Amino acid sequence: MTPQEPLYGKSPEELAALCAELGMPRFAAKQLARWLYVRHTEDPYAMSDLSLKNRELLAARCGHVLSAPVRVSESQDGTKKYLFKTLQGHYIESAYIPDGERATLCVSSQAGCRMGCKFCATGRQGLQHNLSAAEILNQIVSLPERDKLTNLVFMGMGEPLDNIDNVLRALEIITAPWGFGWSPTRVTLSTAGVVSNLRRFLDESQVHLAVSLHNPFREERKEIMPIEGAFPIAEVASILREYDFTHQRRVSFEYIVMSGLNDSSRHIRELCRLLDGIKCRINLIRFHKIPGSPYFSPDDEAMRRFRDTLTAKGIQTTIRASRGEDIQAACGLLSTEAQ
Numbered sequence: 001m002t003p004q005e006p007l008y009g010k011s012p013e014e015l016a017a018l019c020a021e022l023g024m025p026r027f028a029a030k031q032l033a034r035w036l037y038v039r040h041t042e043d044p045y046a047m048s049d050l051s052l053k054n055r056e057l058l059a060a061r062c063g064h065v066l067s068a069p070v071r072v073s074e075s076q077d078g079t080k081k082y083l084f085k086t087l088q089g090h091y092i093e094s095a096y097i098p099d100g101e102r103a104t105l106c107v108s109s110q111a112g113c114r115m116g117c118k119f120c121a122t123g124r125q126g127l128q129h130n131l132s133a134a135e136i137l138n139q140i141v142s143l144p145e146r147d148k149l150t151n152l153v154f155m156g157m158g159e160p161l162d163n164i165d166n167v168l169r170a171l172e173i174i175t176a177p178w179g180f181g182w183s184p185t186r187v188t189l190s191t192a193g194v195v196s197n198l199r200r201f202l203d204e205s206q207v208h209l210a211v212s213l214h215n216p217f218r219e220e221r222k223e224i225m226p227i228e229g230a231f232p233i234a235e236v237a238s239i240l241r242e243y244d245f246t247h248q249r250r251v252s253f254e255y256i257v258m259s260g261l262n263d264s265s266r267h268i269r270e271l272c273r274l275l276d277g278i279k280c281r282i283n284l285i286r287f288h289k290i291p292g293s294p295y296f297s298p299d300d301e302a303m304r305r306f307r308d309t310l311t312a313k314g315i316q317t318t319i320r321a322s323r324g325e326d327i328q329a330a331c332g333l334l335s336t337e338a339q
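Residues 1 to 339 (the working numbering) are what the sequence shown spells out, left to right.
Next comes the structure, spelled out in structure tokens:
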């Protein structure tokens with residue numbers, strides 16, 4: 001007996017191939033895509049414009065993958081952290097961040113992470129597995145606030161470019177006219193700089209890019225971000241100079257500020273040198289304390305001084321507001337190790 005396969009997450013071409021294999025008409029692939037990605041229904045028996053015979057064929061062949069979150073934690077600032085269980089039995093977290101008319105979902109791409117960044121709680125638990133495209137999309141479609149979402153950021157658990165195939169598939173479904181139909185300008189992907197997959201991401205999608213930088217000096221960055229040993233940030237910057245970020249697509253650099261570690265005047269000078277020739281912005285992020293960490297966040301005045309100095313040197317720089325820190329939903333705090 002053929003094991004059940006997920007229907008949700010398939011492309012139109014894969015849906016057409018499945019229809020042909022099951023003896024269904026080819027136009028049924030468009031009907032399936034509409035049910036899956038417009039109506040967010042994966043139950044074949046609910047697909048009323050298909051014949052009963054074809055619904056039965058699909059039900060016998062395809063299994064369900066969408067599932068509601070198993071727990072929610074709510075911050076005093078309105079941020080909500082949702083816990084989802086993966087098909088493999090592990091857990092991931094997503095953060096829903098309302099802000100006036102804007103509502104952003106911070107999406108995970110892996111259960112855990114193998115990058116090992118020393119300032120990140122997710123990195124401490126290691127990598128359990130890559131999420132399938134359906135598991136990535138489930139965080140969106142099974143969210144109670146789904147219809148309120150205005151933006152998505154792939155800044156949750158995991159390194160998106162370490163799961164490039166499934167992430168690109170999810171991005172295609174999110175932005176394609178036959179899928180969710182979102183504008184790519186509503187989506188941002190954050191990477192620590194997996195150079196081997198960076199060009200593929202830039203060529204095959206149009207969503208915004210955010211690069212986790214955190215230190216412009218090679219040896220200092222390698223101390224807190226082991227990825228620097230394999231993929232130097234200078235190589236990332238060199239690739240980005242080949243692309244046009246002057247129109248709708250943006251590139252930004254995330255910079256977690258750690259007092260006495262990466263916030264000196266020499267770091268500012270090196271940042272300006274490293275990013276010369278790239279139209280970008282820098283988002284400064286306060287370091288959020290994790291147990292056993294030797295790092296500390298600077299005070300508000302030091303953050304503003306760092307921002308203003310970079311801005312005066314010609315790099316647009318902002319300070320990102322911390323959200324959800326009291327429920328461990330802020331940047332660098334997502335972790336399901338306790339699960």
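Just so it is clear, CB atoms sit at the ideal spot from N, CA and C, and this is done for glycine as well.
Just so it is clear, the structure is predicted and the values come from calculations on it, not from any experiment.
Less than 8 angstroms separates the beta-carbon of Leu213 from that of Glu254. Around the Cβ of Gln88, a 10 Å sphere holds fewer than 16 other Cβ atoms; the residue is exposed. It is roughly 11 angstroms from the alpha-carbon of Ser293 to the alpha-carbon of Met258. Separation of Ser67 and Ser264 (C-alpha to C-alpha, rounded to the nearest whole angstrom) is 47 angstroms. Ranked by Cα distance from Leu284, the first of Arg26, Pro98 and Ile315 is Ile315. Gln110 is not a Cβ neighbour of Leu137, given a cutoff of 8 angstroms. Beta-bridge pairing by DSSP links Gly112 to Leu127. Annotation for His64: Glu42 place their beta carbon closer than 6 angstroms to its own, counting only its chain and skipping 5 residues before and after.
Beta-bridge partners assigned by DSSP to Glu254: Ser212 and Asn283. For Leu66, the secondary structure class from DSSP, reduced to helix, strand or coil, is coil. Lys30 carries a helical assignment under DSSP once its states are collapsed to helix, strand and coil. Glu204 and Leu168 have their alpha carbons spaced roughly 8 angstroms apart.
If the five residues before and after Gly229 are omitted, its C-beta is found closer than 6 angstroms to the C-beta atoms of Lys222, all from its own chain and listed in chain order. If you ignore the 5 residues before and after Asn163, its C-beta comes within less than 7 angstroms of the C-beta of Ser109, Gln110, Asn130 and Leu131, all in its own chain and listed in chain order.
Contact annotation: the stretch 69-76 does not touch the stretch 113-130, with fewer than three C-beta pairs closer than 8 angstroms. The straight-line gap separating the alpha-carbon atoms of Pro216 and Ile224 is approximately 12 angstroms.
Pairing Thr318 with Leu143, the inter-Cα distance amounts to about 29 angstroms. Closest in C-alpha terms to Ser11, from the list Leu32, Leu22 and Gln4, comes Leu32. Proximity of the stretch 188-201 to the stretch 172-180 falls short of the contact definition, fewer than three beta-carbon pairs being nearer than 8 angstroms. DSSP, read as helix, strand or coil, puts Cys117 in coil. Taking every protein chain shown into account, the CB of Ile174 has 16 or more other CB atoms within 10 angstroms, so this residue is buried. With fewer than 16 other Cβ atoms inside 10 Å of its own Cβ, Gly260 counts as exposed. Residue nearest to Ile327 within the set Phe296, Ile290 and Leu18 is Ile290 (criterion: CA-CA distance). For Glu93, the secondary structure class from DSSP, reduced to helix, strand or coil, is strand.
Looking at the DSSP output, Ser190 bridges to Ala210.
DSSP places Thr318 inside the beta strand (DSSP E), whose first and last residues are Gln316 to Ile319.
Sequence-distant Cβ neighbours of Asn197 in its own chain, meaning closer than 7 angstroms and more than five residues away, are Leu161 and Ile164. Leu36 and Tyr8 have their C-alpha atoms roughly 6 angstroms apart.
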